[in-house]
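In the working numbering, the protein residues as written are 32 to 288.
By construction, the Cβ of each residue, glycine as well, lies at the ideal position given by its N, Cα and C atoms.
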Amino acid sequence: MKKFGLIGFPLSHSFSKNYFEEKFQREQITDCTYDLYELKTIEELPSLLKSNPELVGLNVTIPYKESVIPFLDSISDEAKEIGAVNCIRLNNGKLEGSNTDAFGFETSFQKHFDNTNNKVETVFKASYGGLGAVFILGTGGSSKAVCYVLKKLNLPYIKVSRKKENNCIAYEEISALMHERNIFINTTPLGMFPNENEYPNIPYDKLNANDFLFDLIYNPSETLFLKNGKAMAAKTQNGLEMLELQAEKSWQIWLEE
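This is the structure we're talking about:
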């Protein structure tokens, strides 16, 4: 029996176990299981691996996408550039790290603009120039994958954190930097189950139909971040499709010969 799973803490919000169990049933895969492994610290990883020798692959979620790296034997060039890992393949006793968040986000993000017949590159030029601004909310491992994708797309972005530091602006500074079109990408856990009453402190009253809010959260399906944006006619998208895409990419990596 091949074992797969997810490490992180806490894991009450996770969709991964249900997703893979449904996949196994749908595709009649009978020799695989997928479980949740809550680790109070990343230092518990070696003992987890020792007690589960059948493990073939792991996904990594909050808060270990960065701190897991020293425990790995190798990481992909992309994961190295991003500085975060969310997928681990166990191959002949070696831990190989990669990042599938970037693939999931890029594919889902681009689809929005394809569906509106406006390529993201043409809607948001490679300069702010009064046309558009992209705000990345949060600075964790998921944020790093988003930054990586936006660089690939030649989209300048502004990182936003609770405090102004490390090339980040504070939330209070967003309003003065908004333009005709704005994209807000929430990479924080604000609003995620069970803390559904939380939301990033952006100037919702300044949003309009030109703006786009992308939330990496998928549970609940519509966070207050998205609801507040929709109330101002902004376009919105949650993170479910991104999660499904990154999960399938992880599966491909785990099964590589």
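C-beta contact flag for residue i and residue j at 8 Å
i: Tyr95; j: Gly171; result: no
i: Gln277; j: His143; result: no
i: Phe215; j: Leu244; result: yes
i: Leu168; j: Pro231; result: yes
i: Tyr179; j: Glu85; result: no
i: Asn259; j: Tyr235; result: yes
i: Glu272; j: Ser139; result: yes
Selection from the options that minimises the alpha carbon distance to residue i
i: Gly270; options: Ala115, Asp246, Gly128; result: Asp246
i: Glu229; options: Asn130, Tyr235, Pro220; result: Pro220
i: Asp242; options: Asn259, Asn213, Ser98; result: Asn213
i: Pro251; options: Lys33, Leu37, Phe46, His210; result: Phe46
i: Lys183; options: Phe136, Ile100, Gln283, Asn239; result: Phe136
i: Gly124; options: Gln141, Asn83, Ser98; result: Asn83
i: Leu37; options: Glu275, Gly88, Glu227; result: Gly88
i: Glu97; options: Asn122, Asn198, Lys175, Pro77; result: Lys175
i: Arg120; options: Val99, Asn197, Glu196; result: Val99
i: Ile317; options: Leu274, Ala265, Ala264; result: The chain is shown only over 32 to 288; residue 317 falls outside these bounds and no answer can be derived.
Pairwise C-alpha distance: residue j and residue i
i: Phe35; j: Lys71; result: 19 Å
i: Ser158; j: Glu279; result: For Ser158, the predicted structure reports a pLDDT of 37, less than 50, and the residue's modelled location is therefore unreliable. A value from the coordinates is still provided. Their Cα atoms are separated by approximately 34 Å.
i: Thr131; j: Cys118; result: 7 Å
i: Ser105; j: Glu74; result: 18 Å
i: Lys190; j: Ile200; result: 6 Å
i: Gly161; j: Gln141; result: The predicted position of Gly161 is uncertain, since its pLDDT is 46 and thus under 50; no value can be drawn from it.
i: Ala207; j: Ala164; result: 11 Å
i: Lys194; j: Asp62; result: 48 Å
i: Lys48; j: Phe166; result: 31 Å
Beta-bridge partners of residue i, as assigned by DSSP
i: Asn213; result: Ala164
i: Thr64; result: Lys34
i: Asp246; result: Asn217
Please confirm if the segment 41-48 is in contact with the segment 62-70, defined as three or more CB-CB distances below 8 Å between the two stretches. yes
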